[in-house]
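**Q**
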Amino acid sequence: YDGYGRGHVLANDAAVLALQAIPRRGVVVAGALDGSILAWDLIGHTASPACVISTREGMNYRQLEPTQHASGVTDLDYSDEYSFLLSAGCDREAFVWNPFVQRGFVGVLKGHKAPLVGIKVMGSSPEVVTADEAGVVKIWDIRTLRPLQSYTMSLEAATATQAPISALATVASYDRILVGADKVFAL
C-alpha cells in the first residue's frame, strides 16, 4: 500500500468480467461471472466493498436489492447526468441501478433474446444502447426504461464467418453506435 490507494487487491468471489470507474464519486464498480456487482471505495483506500449493488446469497455485505443477474455481468456503464449505473448480463437483461441510495434497484431493460455483450450511455442524453450476441441493438430511454428503437444486424450478409457480436461502443459527439464482431459496424 502506498497511501494513494495503489497496492490494494479489491477482491470479488468470482472472476471479474466488467469494470466501471465513477471518478466523481471515487468509486470503481466490478461486475462478476456469478452475477454480483460490487462498488469499491477508492477515496477511503479500503480493500472491502463500499457497498454491494447485487450479489449471490452467502456474502456478509450490505445488499441494496435482492434483484441481480442470473449469470455473468458482461458490461457496465455509468450516466453522470442521471446518476445511474447500468449493467448488462449473459442472462439477456440489462439492469439500471442508483448505487448511492439505500434501495438502489431502478429497473430492468427487457427485450433481448441472446446474451448481452454491451451497454453504453449516449453522452449526457437519456439514451442507452444495448447489444446482444445475435446482432440486435436497442436504444432505450433511461427515464422511462422503454425501448425507442431496435436494429437487427444482418451478420450473415455482412460477414463470411457469421461471428457473434462481441463489443459495443458509442461516440455521442458523432451520434454513432459502433458494434464489433469480426468487423466493426457503425450505426
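Plus 213 on top of the position in the sequence shown (first one is 1) and you've got my numbering. By construction, the Cβ of each residue, glycine as well, lies at the ideal position given by its N, Cα and C atoms.
1) Enumerate in chain order the residues of its own chain whose CB-to-CB distance from G239 is below 6 Å, with the five nearest sequence positions on each side excluded.
2) Quick check on S338: does DSSP put it in helix, strand or coil?
3) Compare the C-alpha of L381 against each of L361, T343, A228 and A347 and name the closest.
4) Straight-line CA distance for V309 to F318?
5) Which residues mark the beginning and the end of the beta strand (DSSP E) in which R237 is found?
6) In its own chain, which residues sit with a C-beta less than 6 Å from the C-beta of P377, not counting the 5 before and 5 after it?
7) Might you give, ordered along the chain, the residues of its own chain that have their beta carbon closer than 7 Å to the beta carbon of L246, omitting 5 neighbours on each side?
8) Between which two residues does the beta strand (DSSP E) holding P360 run?
9) On the CB-based measure, 16 or more other CB atoms within 10 Å of its CB, does T357 come out buried or exposed?
10) Of the choices R316, N311 and E306, whose alpha-carbon is the least far from that of L329?
11) Helix, strand or coil: which one does DSSP assign to S249?
12) Taking DSSP as the reference, what is the three-state secondary structure of S379?
13) Could you tell me which residues DSSP puts in a beta bridge with L391?
14) Helix, strand or coil: which one does DSSP assign to L255?
15) With a 10 Å radius around its C-beta and 16 neighbouring C-beta atoms as the bar for buried, classify T287 as buried or exposed.
16) When burial is assigned at 16 or more other CB atoms within 10 Å of the CB, is K351 buried or exposed?
17) Taking C-alpha atoms, which residue in E340, Y387 and F297 lies nearest to N311?
18) To the nearest angstrom, how far is the alpha carbon of C303 from that of Y295?
19) By alpha-carbon positions, which one of R237, V341, S337 and D290 ends up nearest to L322?
**A** According to the structure data:
1) Sequence index remark: in the sequence shown, residue 239 carries index 26 (1-based). Around G239: L255 and I256.
2) The residue given as residue 338 occupies position 125 in the sequence shown. Note: S338 maps to coil in three-state DSSP.
3) Within the sequence shown, residue 381 is the residue found at index 168, counting from 1. When each option's Cα is compared against that of L381, the closest is T343.
4) As a working note, residue 309 is residue 96 in the sequence shown. As a working note, residue 318 is residue 105 in the sequence shown. Each residue's alpha carbon lies about 6 Å from the other.
5) Residue mapping note: residue 237 aligns to position 24 of the sequence shown, counting from 1. Careful: R237 lies outside any beta strand (DSSP E) and carries neither H nor E.
6) In the sequence shown, the residue the question calls residue 377 occupies position 164. Same-chain partners within the cutoff: E346.
7) Within the sequence shown, the letter at position 33 stands for residue 246. For L246, same chain residues with a beta-carbon under 7 Å away, outside a window of 5 residues either side, are A227, A228, L230 and G285 in chain order.
8) Against the sequence shown, residue 360 aligns to sequence position 147. Taken as a continuous stretch (DSSP letters only), the beta strand (DSSP E) holding P360 covers R359 to T365.
9) For this step, residue 357 is matched to residue 144 along the sequence shown. The C-beta of T357 has fewer than 16 other C-beta atoms within 10 Å across all chains shown, which makes the residue exposed.
10) Working through the sequence shown from its first residue, we reach residue 329 at position 116. Scanning R316, N311 and E306 for the CA closest to the CA of L329 turns up E306.
11) As a first step, residue 249 is located in the sequence shown; it is residue number 36 there, counting from the start. S249 carries a coil assignment under DSSP once its states are collapsed to helix, strand and coil.
12) By 1-based counting over the sequence shown, the position of residue 379 is 166. When DSSP states are grouped into helix, strand and coil, S379 belongs to the coil group.
13) Numbered from its first residue, the sequence shown carries residue 391 at position 178. Answer by DSSP bridge pairing, in chain order: A382 and A399.
14) Working through the sequence shown from its first residue, we reach residue 255 at position 42. Coil.
15) Mapped onto the sequence shown, residue 287 falls at position 74. T287 is buried by the Cβ-count criterion.
16) As a working note, residue 351 is residue 138 in the sequence shown. It counts as buried.
17) Start at 1 with the first residue of the sequence shown, and residue 311 comes out as number 98. When each option's Cα is compared against that of N311, the closest is F297.
18) Along the sequence shown, one-based indexing puts residue 303 at 90. Along the sequence shown, one-based indexing puts residue 295 at 82. Those two C-alpha atoms are separated by around 25 Å.
19) As a position in the sequence shown, residue 322 is number 109, starting the count at 1. Checking every option, the nearest Cα to that of L322 belongs to V341.
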